[in-house]
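**Student:** My questions all concern the structure below.
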Amino acid sequence: MHLFVGIILLLVSTLATSAPRGDELYASHCASCHGDTGAGGVGVPLSLPSFLESVDDDFLRKTIRYGRPGRVMPAFRVLSNAQVNAIVSHIRGWSGKPAPDFSGKPVRGDTEHGKQLFASYCAACHGARGEGGKGTGVTFSRKRNLPIIAPALNNVGFLAAASDGMIRHTLHFGRENTPMRSFLVQGLSEQDIDDLVSYIRSFANGEALPDRSAATVTDMTITAESSYSLEETVENLKGAIVSQNFILIRTDTLEHGLATEGEEDSSEVILHFCNFSFLFEALTIDPRIGMFLPCRVTVTERDGKVMVTTINPLYLSHLFNNSELDVFCKEMHGVYSAILEDATL
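Note that the working numbering has the sequence shown beginning at 81, numbered continuously upward.
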């Protein structure tokens, strides 16, 4: 009997310890954008009371699953249902209230009237076509007194996650401490709100955004073989960098700071350079651009062959899940390619 009880307790203990921990999963997958305590950062503040009081758990689950294609929020398709539920429970734990319960019934309204109301009451923040506010994060890209950026309402991820009942609730009550005010307080009627919900739902009939879950460009780097010596190639790069209206910040050995001074490998050189106007403009779109800007180009010599290498911004663009930033990544790819070509041919 004692052995049987011991086995049962061991099984219970094993199940308990093997269950996914929402706090750990959140720290691994969410905190870098949304903050350790959900206060926000690159991502929206999830612990904002008015946010948690206006979204149900199904919305959170589907947001984690589908993300926001073309925006910043990625889709976490590799997480199990148990892991997603654990993250949702952790987020819900920031609220002292249970999750709201919205009706699953579709809202019926006058879509054309809703379109007119949207232009008057919503477009200033959410965009004329529901494309959402510009930029992301709490640094350069929006005023610090705004805790949340206007989401893209025409986004396939949002439309898949948000029920009509949830959208109606948000329009009814607004979100305290955000620019989103109650539409009833603004003078609209219940029918007006239903018309708005109907128009927002009609965005689902638009053209779907492409799947950004995988890179369309397979080359992680841009590489060119130089017909010059390492020293000549470095000097050529300096001239090419300046010709592209970039400022050369410094030239180091690749091992600078990692090896004993004076013992660095002189056959590996890295050049740091920047166009600060370009950098600042890109940061206003997405602060994560700082992960690969200012720019860097590496020159290495092996067996008499000189190679010039830099990161491929086109490969990185899909990781950011931000279609606005794609423009800068494409432009930066052109700059890198021109510099490498000018320095090596």
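Glycine included, C-beta positions come from ideal geometry on N, C-alpha and C.
Check each candidate in K142, S175 and F253 and name the one with the smallest Cα separation from A119.
**Tutor:** Stepping through the sequence shown from its first residue, residue 119 is reached at position 39. Answer by Cα proximity: S175.
**Student:** Could you tell me the distance, in whole angstroms, from the CA atom of S183 to the CA atom of L132?
**Tutor:** Residue mapping note: residue 183 aligns to position 103 of the sequence shown, counting from 1. Residue mapping note: residue 132 aligns to position 52 of the sequence shown, counting from 1. If I take the Cα positions, the gap works out to 17 Å.
**Student:** Spatial neighbours of G245 within its chain, please: CB distance less than 6 Å, with the 5 preceding and 5 following residues excluded, ordered by chain position.
**Tutor:** Here residue 245 refers to the residue found at position 165 of the sequence shown. So the list reads F182 and S183, once near-sequence residues are dropped.
**Student:** Using DSSP's beta-bridge definition, name the partner residues of I391.
**Tutor:** Stepping through the sequence shown from its first residue, residue 391 is reached at position 311. I391 pairs with T301.
**Student:** Just verifying my parser: in three-state terms, what is the DSSP assignment at D274?
**Tutor:** Taking the first residue of the sequence shown as 1, we reach residue 274 at position 194. Here DSSP, grouped into helix, strand and coil, assigns D274 to helix.
**Student:** Given V415, which residues of its chain have a CB within under 7 Å of its CB, disregarding the five upstream and five downstream residues?
**Tutor:** Walking along the sequence shown from the start, residue 415 turns up at place 335. Excluding sequence neighbours, V415 sits near Q324.
**Student:** Report buried or exposed for N392, applying the criterion of at least 16 other Cβ atoms within 10 angstroms of its Cβ.
**Tutor:** The residue given as residue 392 occupies position 312 in the sequence shown. So N392 counts as buried.
**Student:** List the endpoints of the continuous beta strand (DSSP E) containing R376.
**Tutor:** Mapped onto the sequence shown, residue 376 falls at position 296. Where R376 is concerned, the enclosing beta strand (DSSP E) stretches over C375 to R382.
**Student:** Identify the residues that DSSP records as bridge partners of D332: which are they?
**Tutor:** Position 252 of the sequence shown, counted from the start, is the residue given in the question as residue 332. For D332, which the question treats as bridged, DSSP gives the partners I350.
**Student:** Indicate whether the contact test is met: 3 or more Cβ pairs, each with one atom in the segment 232-243 and one in the segment 106-118, closer than 8 Å.
**Tutor:** The segment 232-243, when compared against the segment 106-118, does not touch it at the 8 Å Cβ threshold.
**Student:** Among V158, V236 and D136, which one has its Cα closest to the Cα of K177?
**Tutor:** Here residue 177 refers to the residue found at position 97 of the sequence shown. Nearest option by C-alpha distance: D136.
**Student:** Kindly list the residues whose CB is nearer than 7 Å to the CB of S417, restricted to its own chain and excluding five residues on each side of it in sequence; keep chain order.
**Tutor:** Against the sequence shown, residue 417 aligns to sequence position 337. For S417, where only same-chain residues beyond five positions count, the Cβ hits under 7 Å are I302.
**Student:** Mind checking which residues open and close the alpha helix (DSSP H) that includes S130?
**Tutor:** Walking along the sequence shown from the start, residue 130 turns up at place 50. P129 to L132 is the span of the alpha helix (DSSP H), which, as asked, contains S130.
**Student:** Please state whether the Cβ-Cβ distance between L317 and A423 is less than 7 Å.
**Tutor:** Position 237 of the sequence shown holds residue 317. Position 343 of the sequence shown holds residue 423. For L317 and A423, yes; Cβs fall inside 7 Å.
**Student:** Near I329, which residues of its chain fall below 8 Å by C-beta distance, leaving aside the five closest residues on each side in sequence?
**Tutor:** Stepping through the sequence shown from its first residue, residue 329 is reached at position 249. Within the same chain, I329 has close Cβ partners H352, F353, C354 and P374.
**Student:** By the 10 Å Cβ neighbour count, where 16 or more other Cβ atoms means buried, how is R248 classified, buried or exposed?
**Tutor:** Residue 248 sits at position 168 when you count from the first residue of the sequence shown. Buried: at least 16 other Cβ atoms inside 10 Å.
**Student:** Mind checking whether T380 and I350 have CB atoms under 7 Å apart?
**Tutor:** On the sequence shown, position 300 is the one that residue 380 refers to. On the sequence shown, position 270 is the one that residue 350 refers to. In this structure, I350 does not lie closer than 7 Å to T380 by Cβ.
**Student:** Go to N355, then tell me how far its alpha helix (DSSP H) extends in each direction, as first and last residue.
**Tutor:** Here residue 355 is taken as the residue at index 275 of the sequence shown, counted from 1. N355 -> no alpha helix (DSSP H), and no H or E assigned at all.
**Student:** What is the rounded straight-line gap between the Cα of T258 and the Cα of G210?
**Tutor:** Start at 1 with the first residue of the sequence shown, and residue 258 comes out as number 178. Start at 1 with the first residue of the sequence shown, and residue 210 comes out as number 130. T258 and G210 have their C-alpha atoms some 18 Å from each other.
**Student:** Would you say F400 and R376 are within 7 Å of each other, going by their C-beta atoms?
**Tutor:** Position 320 of the sequence shown, counted from the start, is the residue given in the question as residue 400. Position 296 of the sequence shown, counted from the start, is the residue given in the question as residue 376. No; because the gap between Cβ atoms is not below 7 Å, this pair is not in contact.
**Student:** If I follow the unbroken alpha helix (DSSP H) through A199, where does it start and stop?
**Tutor:** One-based indexing of the sequence shown puts residue 199 at position 119. T191 to Y201 is the span of the alpha helix (DSSP H), which, as asked, contains A199.
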